[in-house]
Each structure stands twice: as C-alpha cells, then as structure tokens.
Amino acid sequence: MLNKIYTELYSRFGPQGWWPIDGKYKKGRLNSVKSFQEKFEIIIGAVLTQNTSWKNVEKAMDNLREKNPISPEKILKTDSKILADLIRPSGYFNQKADRLKIVSSFLLKNKNLKNEKDNIIKKKLLDVKGIGPETADSILLYAFNKPFFVIDLYTKRIFSRLGFCEKNIEYKELQKKFHENIPKKTNLYNEYHALIVELAKKHCNKIPNCDNCPLNKICKKNL
DNA sequence: CGCCAGGGCCTCA
DNA sequence: TGAGGCCATGGC
79 MLNKIYTELY
89 SRFGPQGWWP
99 IDGKYKKGRL
109 NSVKSFQEKF
119 EIIIGAVLTQ
129 NTSWKNVEKA
139 MDNLREKNPI
149 SPEKILKTDS
159 KILADLIRPS
169 GYFNQKADRL
179 KIVSSFLLKN
189 KNLKNEKDNI
199 IKKKLLDVKG
209 IGPETADSIL
219 LYAFNKPFFV
229 IDLYTKRIFS
239 RLGFCEKNIE
249 YKELQKKFHE
259 NIPKKTNLYN
269 EYHALIVELA
279 KKHCNKIPNC
289 DNCPLNKICK
299 KNL
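For my numbering, count along the first sequence from 1 and bump the result up by 78.
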C-alpha cells in the first residue's frame with residue numbers, strides 16, 4: 079500500500095529535489111554530501127518553517143543571508159530584536175529568534191553530533207527547546223541523511239483520507255507504519271515526504287481538489 | 001474579511 | 001495523555 083502510493087506519486091510528480099537550498103530545488107543531488115553551511119541552512123529552515131509556508135521562510139532566509147552565509151556565530155552575535163526583525167516574514171518571529179539562538183549554540187557545543195548513533199542524535203535534538211518530533215526528523219533526514227520518516231500535518235491529512243489511519247493518529251504511530259512497511263532508505267524517505275507535500279499542495283488541500291488526483295483509485299475519501 | 005501554512009511549548013485537568 | 005491557548009506573517 080505505502081509502496082504503491084509512492085510509485086503513483088513519483089510517476090506523477092517526479093523527483094522533488096528536497097531540501098531546497100538557497101531558494102532552489104536542486105534535483106539530482108539527492109542525499110549528497112553536504113557542507114556544514116548547507117546543513118546549517120537546512121536546520122535553520124526546518125525551524126523557521128514550523129507552521130509556516132515555505133515562501134515566507136525563503137524571505138526570512140534571504141534577510142538572514144544578506145550577502146554573507148548564515149552561521150551559528152553570526153546568529154548568536156545578532157541582537158535578538160534585530161534577529162527577530164530579519165525573520166519577521168516567517169511569522170512567530172520573537173519565538174523563532176530565540177529558537178535560532180538556542181539551536182545555534184546547541185550546534186556549536188555538539189560539533190561531533192553526526193558521529194553519534196542515530197537514536198542518540200534524535201534524543202539530543204528533542205532535548206533542544208524549539209525542536210519537536212517533526213523538526214528533529216527533518217534535520218535527521220535532510221541535513222544528516224539519516225533514515226527517519228518525517229510526519230507532518232499533510233501526511234496525517236492525506237493518509238487518514240486515504241483510509242490508512244485515524245485522523246488524530248500519534249506522530250510516532252504513523253511514523254512506525256512507514257518505517258515498518260517501506261524499505262529503510264534515506265533517498266526513499268526523502269523523496270516520499272517531499273512528494274506528500276506536493277500532493278497536499280496540488281490536490282489534498284484542506285479543502286480537497288480530487289480532480290485528476292493520482293491517488294483517486296485507492297483513496298477512500300474520508301474527508 | 002477569514003482561513004491557511006512543510007509545529008512546538010505550556011498549562012491544566 | 002489530551003485538549004486548548006498562544007505565537008504572527010503573507011497569500012489567496
């Protein structure tokens with residue numbers, strides 16, 4: 079079931095090229111080795127996109143770059159008010175400014191994070207204030223290339239409509255279904271989540287637009 | 001004008 | 001553990 083859905087989505091939408099870096103979707107460099115700079119941008123983006131559209135996040139990221147690369151040091155030495163103002167377009171800017179600083183100092187104190195075991199990394203990420211289950215998994219998957227399937231609002235909406243799970247299923251429960259039923263491969267997790275987001279935007283919106291949806295044949299339409 | 005968006009924290013039962 | 005309030009912008 080889950081594998082079939084992936085095939086349907088991939089044949090409709092093709093490779094998505096996540097995570098978008100510097101505003102661009104670079105298809106074909108999936109799961110590539112990433113510089114610290116790229117990983118840091120992914121982590122910052124993961125925080126800024128919490129309950130926020132990616133378009134707004136891009137504006138905030140552009141403000142943060144201001145010609146120079148974003149770095150933990152730079153964020154930490156920027157005054158909180160100024161930082162909040164830079165990321166204003168991403169919403170929740172006061173809260174997110176704090177979170178960016180907390181995450182930055184966490185990363186500076188844990189330079190060798192990637193050498194730890196996967197589950198230890200996840201525990202440490204979850205201990206950081208401002209990083210919840212989805213943000214942690216996004217960082218693990220898209221920055222560190224670790225096989226953690228990202229569950230978001232869209233995933234719950236789509237798979238409950240399909241008839242695959244309850245509407246208010248727990249994060250860990252739905253993630254378990256993916257981990258147990260599709261091959262444990264980072265590239266697959268990466269594309270699958272991105273394809274879910276694409277489907278949610280094109281068809282499975284809050285108010286669904288089922289015309290020509292690639293999953294019409296298998297969807298139970300539990301709306 | 002109202003609703004939504006690639007959540008998470010805190011509080012209170 | 002479950003529900004509910006809070007954070008806040010830009011697009012439509």
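All residues carry an ideal CB built from backbone N, CA and C; glycine is no exception.
When you compare each of the options to residue i by their alpha carbons, which one comes out closest?
{"i": "N190", "options": "L204, F222, R177", "result": "F222"}
{"i": "R239", "options": "L203, E116, N294", "result": "N294"}
{"i": "H271", "options": "W132, P261, I229", "result": "I229"}
{"i": "Y232", "options": "F118, I209, G101, K284", "result": "K284"}
{"i": "I122", "options": "E144, K145, P150, K102", "result": "P150"}
{"i": "Y220", "options": "L126, N146, K112, F91", "result": "K112"}
{"i": "C291", "options": "H281, K299, K298", "result": "H281"}
{"i": "D316", "options": "N146, T156, D215", "result": "A query on residue 316 cannot be resolved here, the shown segment of the chain reaching from 79 to 301 and no further."}
{"i": "V275", "options": "I180, S131, F226, Q115", "result": "S131"}
{"i": "E212", "options": "K152, E116, G92, L252", "result": "L252"}
{"i": "L301", "options": "G241, E194, L142, I120", "result": "G241"}
{"i": "D176", "options": "E194, K202, K155", "result": "K155"}
{"i": "R143", "options": "E116, L185, Q128", "result": "E116"}
{"i": "K102", "options": "V181, G210, S89, I120", "result": "I120"}
{"i": "N141", "options": "V206, D289, A162", "result": "A162"}
Between which two residues does the alpha helix (DSSP H) carrying residue i extend?
{"i": "P150", "result": "150-155"}
{"i": "T264", "result": "264-280"}
{"i": "V111", "result": "Per DSSP, V111 belongs to no alpha helix (DSSP H) and is neither H nor E."}
{"i": "Y232", "result": "231-239"}
{"i": "K200", "result": "196-204"}
{"i": "N141", "result": "132-143"}
{"i": "T173", "result": "The residue you asked about is not Thr; residue 173 is Gln in the sequence shown. Run containing Q173: 171-187, per the alpha helix (DSSP H) assignment."}
{"i": "Y220", "result": "Counting along the chain, Y220 falls outside any alpha helix (DSSP H), and DSSP gives it neither H nor E."}
{"i": "Q253", "result": "249-259"}
{"i": "T85", "result": "80-91"}
{"i": "K159", "result": "158-164"}
Going by DSSP, which residues form a beta bridge with residue i?
{"i": "K102", "result": "I99"}
Using beta-carbon positions only, say whether residue i and residue j come within less than 8 angstroms of one another.
{"i": "I236", "j": "L277", "result": "yes"}
{"i": "L87", "j": "N259", "result": "no"}
{"i": "K82", "j": "G95", "result": "no"}
{"i": "L126", "j": "K174", "result": "yes"}
{"i": "C243", "j": "K254", "result": "no"}
{"i": "F118", "j": "I99", "result": "no"}
{"i": "P225", "j": "K192", "result": "no"}
{"i": "L108", "j": "N287", "result": "no"}
{"i": "S182", "j": "I153", "result": "yes"}
{"i": "K202", "j": "N188", "result": "yes"}
{"i": "L218", "j": "I199", "result": "yes"}
- Message: When you compare the stretch 133-150 with the stretch 163-183, are there three or more beta-carbon pairs, one atom per stretch, that lie closer than 8 angstroms?
- Response: yes
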